[in-house]
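Residue numbers (our numbering), protein chains in the order written: chain U, 271 to 484; chain V, 271 to 484.
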């Protein structure tokens, strides 16, 4: 079947650039629920992401059980306390003041794993770079994030976790690697600058800091 | 300064879904050049991606030197020959028939690294999951990919490489980890299904294959 590809015009590209600019890591959520049909829609879109060898290694786990959510929240609390102990002086004071997760408020908890032993894709493209499976799951997170933001939903990526403990708390297969633990919900506020920049933790550089030629 | 966030309407979300559906891993490029200003525009957009602790660990290397490009192409050729040797029978015949990179044709070669020792971000969010730095670079690749496709540009991610040899050929700092080697150019054709699905290598599953609840 022949399908005519869509034409994306300059106005769309400009709008897309606004989406990139206003996508934020959100840690302050309203408690209103998110329509489960919308969550499924976002996950279906995430499945359109690229994956190595078309392996589709993303495994999405909606964490609904209160005890499991509590275990993740406690995991974060302990891991974050350990992290704070690494800083001294003014930096420790700043770190302690940061809000680094919205686990208590977010109506949706989504854990994203990569199935490191999936037969899908028959190993193509991951022989010398097996980390491509995790990278494919990361691409799905970024797709979901953009689709969510376009609908006004906020997403926060929590990486201040002991991943082995999180996997145990969620009772997933041993071959699944935790890639992301996401909080999803309606944001309290909107910004076009990162919260860590506003909090004077880390400013953004310009392209010249990151571009090299060989 | 107060900035009013943009409103993204349903029409935009529908268009964005089309962008996700028509983003493809492209290995067949026309030889026409890509305007360097467009490449820089895409890289600047990629810098709007999320990064752990706002660490911005992405390091973009435009590979322009013919000898370095040849080294990467040879690296791919050897790595791909090794990979072929892992398959037998009909699968080996199918693998050998696949076009898995457009290195010879693509006008733009872009290597994307993660700086695993960057001081940016002051270690935040990567203490227990140091792989978050590489994941942040992956997010930037996905952002660039979507921005490129919106402008009709194709991107192909080559992971059939020996990453240590590639890093040596590009003479980058020892702490930079190769995350992606991208071919960028104007595609010969457009599809809304993955090339590996059309070639009967690996079909796509549905969301029910990938969604779990706990």
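Think of the CB as a built atom: it goes at the ideal place given N, C-alpha and C, for glycine as much as any other residue.
Inset, instruction - Report yes if the C-beta distance between residue 289(V) and residue 380(V) is below 7 Å; otherwise report no. - result: A distance of 7 Å or more separates the beta carbons of residue 289(V) and residue 380(V).
Legend entry - Rounded C-alpha distance that separates residue 292(V) from residue 416(V): Each residue's Cα considered, the two are about 9 Å apart.
Inset, instruction - Only counting runs of 4 or more residues, tell me where the alpha helix (DSSP H) segments fall wholly within the segment 283 to 337 of chain U, in order along the chain. - result: 306 to 316, all fully within the segment 283 to 337 of chain U.
Legend entry - residue 296(V) burial status per 10 Å Cβ neighbour count (16 or more: buried): Result: buried.
Legend entry - Buried versus exposed call for residue 401(U) [16 or more other C-beta atoms within 10 Å across all chains shown]: Label assigned to residue 401(U): buried.
Legend entry - Close Cβ partners of residue 330(U) (< 7 Å) along its chain, the five nearest in sequence each way excluded: Excluding residues up to 5 positions away in sequence, 313, 380, 382 lie with their Cβ nearer than 7 Å to the Cβ of residue 330(U) in the same chain.
Legend entry - Complete runs of the alpha helix (DSSP H) confined to the segment 378 to 460 of chain V [at least 4 residues]: Fully enclosed alpha helix (DSSP H) runs of 4 or longer: 402 to 420, 433 to 440.
Legend entry - Cβ neighbour criterion (16 or more within 10 Å) applied to residue 470(U): Looking at its Cβ environment, which holds fewer than 16 other Cβ atoms inside 10 Å, residue 470(U) is exposed.
Legend entry - Cutoff 6 Å; reference residue 341(V); Cβ partners in own chain excluding five residues on either side: So the qualifying residues of the chain are 439.
Inset, instruction - With a cut-off of 8 Å on the beta carbons, I'd call residue 371(V) and residue 346(V) a contact; round off their distance for me. - result: Here residue 371(V) really is in contact with residue 346(V); their C-beta atoms are around 6 Å apart, less than 8 Å.
Inset, instruction - With a cut-off of 8 Å on the beta carbons, I'd call residue 240(U) and residue 428(U) a contact; round off their distance for me. - result: It is not possible to answer for residue 240(U), since the shown part of chain U is limited to 271 through 484.
Inset, instruction - Could you check what DSSP says for residue 468(V) in three-state terms: helix, strand or coil? - result: In the three-state reduction of the DSSP assignment, residue 468(V) falls in the helix class, which pools H, G and I.
Inset, instruction - Confirm, please, whether the CB-CB distance from residue 480(U) to residue 420(V) is below 7 Å. - result: Cβ distance not < 7 Å, so residue 420(V) and residue 480(U) don't count as in contact.
Legend entry - Endpoints, alpha helix (DSSP H) assigned at residue 365(U): According to the DSSP assignment, residue 365(U) belongs to the alpha helix (DSSP H) that extends over 359 to 367.
Inset, instruction - Could you tell me which of 305(V), 317(V), 285(V) sits nearest to residue 410(V), measuring between CA atoms? - result: When only C-alpha atoms are compared, the closest one is 317(V).
Inset, instruction - Grab me the residues of residue 431(U)'s own chain with a C-beta within less than 8 Å of its C-beta, minus the 5 sequence neighbours each way, in chain order. - result: Correct list, in chain order: 342, 345, 346, 349, 448, 451.
Inset, instruction - Just the C-alpha distance for residue 299(V) and residue 413(U), rounded to the nearest angstrom, thanks. - result: Taking the straight line from one Cα to the other gives about 25 Å.
Inset, instruction - Give me whichever residues DSSP pairs with residue 483(U) in a beta bridge. - result: Note: residue 483(U) sits in a beta bridge opposite 332(V).
Inset, instruction - State the DSSP-derived secondary structure class of residue 474(V), mapped to helix, strand or coil. - result: DSSP, read as helix, strand or coil, puts residue 474(V) in coil.
Legend entry - Within-7 Å CB hit, residue 375(U) to chain V: Not an interface residue.
Inset, instruction - Would you kindly work out how many angstroms separate the C-alpha atoms of residue 378(V) and residue 334(V), rounded to a whole number? - result: Roughly 8 Å separates the two Cα atoms.
Legend entry - Contacts that residue 296(V) makes with chain U (C-beta to C-beta distance below 9 Å): What residue 296(V) touches in chain U, judged by beta-carbon distance under 9 Å, is nothing: the nearest beta carbon there is about 11 Å away.
Inset, instruction - Starting from the C-beta of residue 308(V), find all residues in its chain whose C-beta is less than 8 Å away, skip the five residues before and the five after it, and write them out in chain order. - result: If you ignore the 5 residues before and after residue 308(V), its C-beta comes within less than 8 Å of the C-beta of 421, 423, all in its own chain and listed in chain order.
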